[in-house]
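In the working numbering, the protein residues as written are 6 to 531. Beneath this line is the structure, given in structure tokens, with notes to follow.
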């Protein structure tokens, strides 16, 4: 490591709806020196004189927003998925460690804290301030431990997905593939996300199970998938199943829940007897034929690839690391291996035509910049303005969406065949199924691609996609509540036809929309 690696964190007023939390203490740690600052300006003035990379966990969505007044004009800003990911103030480069550690710090190590003592009238009491200082220092030390271990093991990377691609190249000896925007657009209609579906909704008072696939996407990746950019086009399918597996197929048929369809409200899997046009992977076509869930089929177009690739060596390597780390109790190594297993395939499907370059400009020069058609105003950025333009074509790096499309298609096909083997399926989400009985599914908690019982439940509520509460044997609830952090009782209320007013305690930090608080009424969507 040629450059000093430091971390920073701040403690703020506790989250409360409508109150913008302000920092009252900052911690800085570079491996040798730990410093505290009681003013944001003092913290920035100190760090900007140090030639370092300073990380904050989730800094791009929180901590770094308090430092924007110090960013100078004409400073390039890197934004990834709305997250302030990299920028400079003076000599220091500020980064968000969530890009390379895409999990909560608590998954690794975190001290307990009663956040109520951070209220203004409480935090200055000596015994409370001592606890706060200890908690802040702990977060800084733990974060730097993780970062240093990741850099030592896997090198300096801006994102975890980028690190995954480098690791695959190192293990396979194959250079990352290249394609262009035209090829990407040709394959994009076949690239979907996971299957999320409510088969039933309401409140349930009977025993059922929640099962999930052991490493669903890694399991898909050990199979052969379309690769390269060369393919044939025909209105007939290849003869063998092995050839069909590396195809993308446009067809008309009546689908009985087998195939995905894009709609304005999201991905659907129609089962209504209507003949439609679908774009599917070979995996999904074969699964539908095996299960007899498509009829009246007419093949419009079949893209058959010459090359295939699998990632067995990569998956085997990180699956072994994950297993060994779990046995040793090495949380950092376990988390790294877990995310390497699940991060690579998405990199193949990244679309750089949606990426932008950002720069800071004095607000009085915004109109002049916009008149050149080079930059467009994006948002206020401290005392300056953040302006953006599309990423220049020569900087765009397309990999191979055929790989990502085929891998996600494999998982949807695997899910569909598994759903049909279960009894009374109530819900599914990407790699999990909620059902009364698992039928003849292979259950093995250690085998890649096999199913495992995650929870045995006695009752539950389903209010919509990503909104459910299932009561487990230990009396606790397994909860998902997209759109708001809800309790089990609130989800039961919504599933029963009620309405819940959700007010977020924590603000949302957005470069485009500023600091906002969620305030909305939630009702059943299933």
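Glycine residues also receive a C-beta, built at the ideal position from the N, C-alpha and C atoms.
At the level of alpha carbons, what is the spacing between residue i and residue j?
i, j, result
"residue 504", "residue 528", "5 Å"
"residue 52", "residue 105", "22 Å"
"residue 407", "residue 197", "11 Å"
"residue 520", "residue 382", "18 Å"
"residue 242", "residue 249", "7 Å"
"residue 522", "residue 321", "44 Å"
"residue 112", "residue 221", "21 Å"
"residue 427", "residue 206", "18 Å"
"residue 430", "residue 342", "32 Å"
"residue 107", "residue 170", "16 Å"
"residue 284", "residue 194", "6 Å"
"residue 513", "residue 384", "15 Å"
"residue 358", "residue 45", "36 Å"
"residue 184", "residue 313", "15 Å"
"residue 130", "residue 37", "28 Å"
"residue 338", "residue 477", "30 Å"
"residue 110", "residue 116", "10 Å"
"residue 349", "residue 190", "20 Å"
"residue 18", "residue 133", "14 Å"
"residue 287", "residue 181", "24 Å"
"residue 301", "residue 351", "34 Å"
"residue 318", "residue 397", "35 Å"
"residue 402", "residue 176", "21 Å"
"residue 469", "residue 203", "6 Å"
"residue 484", "residue 492", "8 Å"
Which residue's Cα is closest to the Cα of residue i: the options?
i, options, result
"residue 27", "231, 35, 70", "70"
"residue 292", "418, 363, 495", "418"
"residue 423", "525, 515, 440", "440"
"residue 356", "334, 400, 271, 313", "400"
"residue 412", "431, 253, 118, 121", "253"
"residue 114", "402, 96, 147", "147"
"residue 215", "474, 330, 267, 80", "474"
"residue 506", "139, 489, 190", "489"
"residue 78", "524, 363, 464, 421", "363"
"residue 93", "110, 109, 73, 132", "73"
"residue 217", "387, 461, 468", "461"
"residue 450", "501, 465, 328", "328"
"residue 84", "63, 436, 95, 420", "63"
"residue 395", "380, 389, 405", "380"
"residue 86", "515, 526, 247, 318", "515"
"residue 154", "486, 420, 340, 480", "340"
"residue 442", "213, 268, 8", "213"
"residue 126", "57, 297, 29, 330", "29"
"residue 82", "468, 526, 389, 487", "389"
"residue 103", "61, 119, 118", "61"
Between residue i and residue j, is the Cβ-Cβ spacing less than 7 Å?
i, j, result
"residue 280", "residue 299", "no"
"residue 276", "residue 262", "yes"
"residue 315", "residue 228", "yes"
"residue 66", "residue 100", "no"
"residue 510", "residue 75", "no"
"residue 2", "residue 345", "For the chain, the structure presents residues 6 to 531; residue 2 sits outside this window and is missing."
"residue 304", "residue 256", "yes"
"residue 201", "residue 434", "yes"
"residue 310", "residue 231", "yes"
"residue 466", "residue 497", "yes"
"residue 5", "residue 365", "Residue 5 lies beyond the stretch modelled for the chain, which goes from 6 to 531, so this question has no answer here."
"residue 360", "residue 409", "no"
"residue 137", "residue 16", "yes"
"residue 55", "residue 97", "yes"
"residue 387", "residue 289", "no"
"residue 58", "residue 25", "no"
"residue 188", "residue 237", "no"
Counting only the same chain and skipping the five closest in sequence on each side, list residues whose C-beta sits under 6 Å from that of residue i.
i, result
"residue 544", "Summary: the structure shown does not reach residue 544, with the chain confined to residues 6 through 531, and so no result is reported for it."
"residue 168", "159, 162"
"residue 454", "224"
"residue 33", "13, 40"
"residue 307", "239, 242, 252, 254"
7 Å is my cut-off, CB to CB: does residue i come that close to chain B?
i, result
"residue 529", "No chain B is part of this structure, which consists of one protein chain only."
What do you reckon, is the C-beta of residue i under 6 Å from a heavy atom of the ligand SAH?
i, result
"residue 290", "Ligands are entirely absent from the displayed structure, and the ligand SAH is therefore not among its contents."
Leaving out the 5 sequence neighbours to the left and right, which residues in its chain are closer than 8 Å to residue i when beta-carbon positions are compared?
i, result
"residue 501", "207, 208, 466"
"residue 124", "18, 19"
Contained beta strand (DSSP E) runs [length at least 3] in the region 381 to 408, N- to C-terminal order
381 to 386, 389 to 395
Kindly provide the ranges of any alpha helix (DSSP H) runs that are 4 or more residues long and lie completely inside the region 79 to 118, ordered along the chain.
none
Would you mind listing the beta strand (DSSP E) stretches within the region 242 to 319 that are 3+ residues and don't spill past its ends, in chain order?
252 to 260, 266 to 268, 271 to 273, 280 to 286, 299 to 314
At 4 residues or longer, and completely inside the region 30 to 61: list those alpha helix (DSSP H) runs for me, N to C.
45 to 52
At 3 residues or longer, and completely inside the region 204 to 233: list those beta strand (DSSP E) runs for me, N to C.
207 to 209, 213 to 218
Report the residue ranges of all beta strand (DSSP E) runs contained in full by the region 438 to 516; include only those spanning at least 3 residues, in chain order.
456 to 469, 472 to 477, 482 to 486, 505 to 508, 513 to 515
List in chain order: all unbroken beta strand (DSSP E) runs of 3+ residues lying wholly within the region 109 to 197.
none
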